[in-house]
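The UniProt record's numbering numbers the first residue of the sequence shown as 1 and each following residue consecutively. By construction, the Cβ of each residue, glycine as well, lies at the ideal position given by its N, Cα and C atoms. The model shown is predicted, which means the values in this text are computed figures rather than measured ones.
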Amino acid sequence: MRIDVLSIFPDMFKPMTESIIGKAVDRGLLEFSVTDFRDFTNNKHNNVDDTPFGGGAGMLLTPQPIFDAMDDIKAKAGDYGRVILLDPAGVPFNQAVAEDLSNEEHLTFIAGHYEGYDERIRELVTDEISLGDYVLTGGELGAMVIIDATVRLIPEVLGNRESAIGDSFSTGLLEYPQYTRPADFRGRVVPEVLTSGNHGKIAEWRMKESLRRTYLRRPDLLEKMELTKEQVKLLAEVKAEEAAE
Ligand code: 4GS
1 MRIDVLSIFP DMFKPMTESI IGKAVDRGLL EFSVTDFRDF TNNKHNNVDD
51 TPFGGGAGML LTPQPIFDAM DDIKAKAGDY GRVILLDPAG VPFNQAVAED
101 LSNEEHLTFI AGHYEGYDER IRELVTDEIS LGDYVLTGGE LGAMVIIDAT
151 VRLIPEVLGN RESAIGDSFS TGLLEYPQYT RPADFRGRVV PEVLTSGNHG
201 KIAEWRMKES LRRTYLRRPD LLEKMELTKE QVKLLAEVKA EEAAE
């Protein structure tokens, strides 16, 4: 995959050279390039923004540097691929969006800072995505979050140690509780079933506790899911147990 980012704070993307994303670059699974669109301004002060027509507070990114920086990406990469604008008015980001984006060959992110966007910039854009219902100082962190969640889904990026299978949200349920050694830590004992060696019972306990955690913390996720017969039975047990608490 190739990922381009347009930002006037390219140094904010330095953390992307660390950890799993950095390794994906080193291993040739990801090509990552940040373009400072201030380099493409046509005015002598290198301004990237201006005041809104009609008045009002705040500044807007002007179209010219963004359009020219996009032309440069197209000249270098052949296309822009999917073009993602970070914006609170976009589709809320989630695991399904990450899975969709992870199938692409090329993604280009436009990350504004401080200000809004001149509406004509949206012409270049295929996807407007929001990190969530809160206000950031810029789109950079949003772009990095999306890149992180997306790139780890590319086959071969994660090793077995960090497998994406069974992740919360990819199964539709929150993860079940997990324990490692010691089996007794200061009197807090690991659930007996997990040390029993009975793999059928362990799988059933894990499914039930995933359902419990999701029922207690994120019932909205359960409403969106189609449960198997087994899950319906386990969830009924969970509900009875929780009502009796
Ligand atoms: C978000 C968000 C955001 C909006 C950037 C105000 C500065 C700011 N971007 N998801 N101007 N939430 N952007 O808050 O993507």
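| task | Please confirm whether any heavy atom of the ligand 4GS lies closer than 6 Å to the CB of Leu124. | result | no
| task | State the start and end residues of the unbroken alpha helix (DSSP H) segment that holds Ile147. | result | Glu140 to Val151
| task | Using a threshold of 7 Å, state whether the C-beta atoms of Gly139 and Leu86 are closer than that. | result | yes
| query | To which residues does DSSP link Tyr117 through a beta bridge? | reply | Leu61
| said: If I measure Cβ to Cβ from Gln95 and keep anything under 8 Å in the same chain, skipping five residues before and after, which residues do I get? | reply: Ala149, Asp167, Phe169 and Ser170
| Can you list, in chain order, the residues of its chain whose CB lies under 7 Å from that of Phe32, leaving out five sequence neighbours each side? | Ile3, Met16 and Val25
| said: I'd like to confirm something about Pro88: is its beta-carbon nearer than 6 Å to some heavy atom of the ligand 4GS, or not? | reply: yes
| field | Glu105 in three-state terms, based on DSSP | value | coil
| Among residues of its own chain, excluding the 5 on either side of residue 264, which ones have a beta-carbon nearer than 6 Å to its beta-carbon? | Given a span of 1 to 245 for the chain in the structure shown, any question on residue 264 remains unanswerable.
| message | For Leu153 and Glu162, what's the separation of their Cα atoms in angstroms? | response | 11 Å
| query | Can you list, in chain order, the stretches of the alpha helix (DSSP H) that have 4 or more residues and sit fully within the region 33-87? | reply | 63-77
| message | Tell me which residue opens and which closes the alpha helix (DSSP H) that Asp220 is part of. | response | It spans Pro219 to Lys224 - the alpha helix (DSSP H) in which Asp220 sits, taken as one unbroken run.
| query | In this structure, does DSSP put Glu128 in helix, strand or coil? | reply | strand
| field | Buried or exposed by the 16-neighbour rule on C-beta atoms within 10 Å, applied to Ala98 | value | buried
| message | According to DSSP, simplified to helix, strand and coil, what is Arg188? | response | Looking at Arg188 - three-state DSSP - the assignment turns out to be strand.
| query | How many whole angstroms separate the CB atoms of Leu61 and Glu115, which I take to be in contact at a CB cut-off of 8 Å? | reply | 6 Å
| Presumed contact (8 Å Cβ cut-off) between Val238 and Tyr215, rounded CB distance | 6 Å
| Separation of Phe53 from Pro88, as counted between CA atoms | Approximately 21 Å, taken between the alpha carbons.
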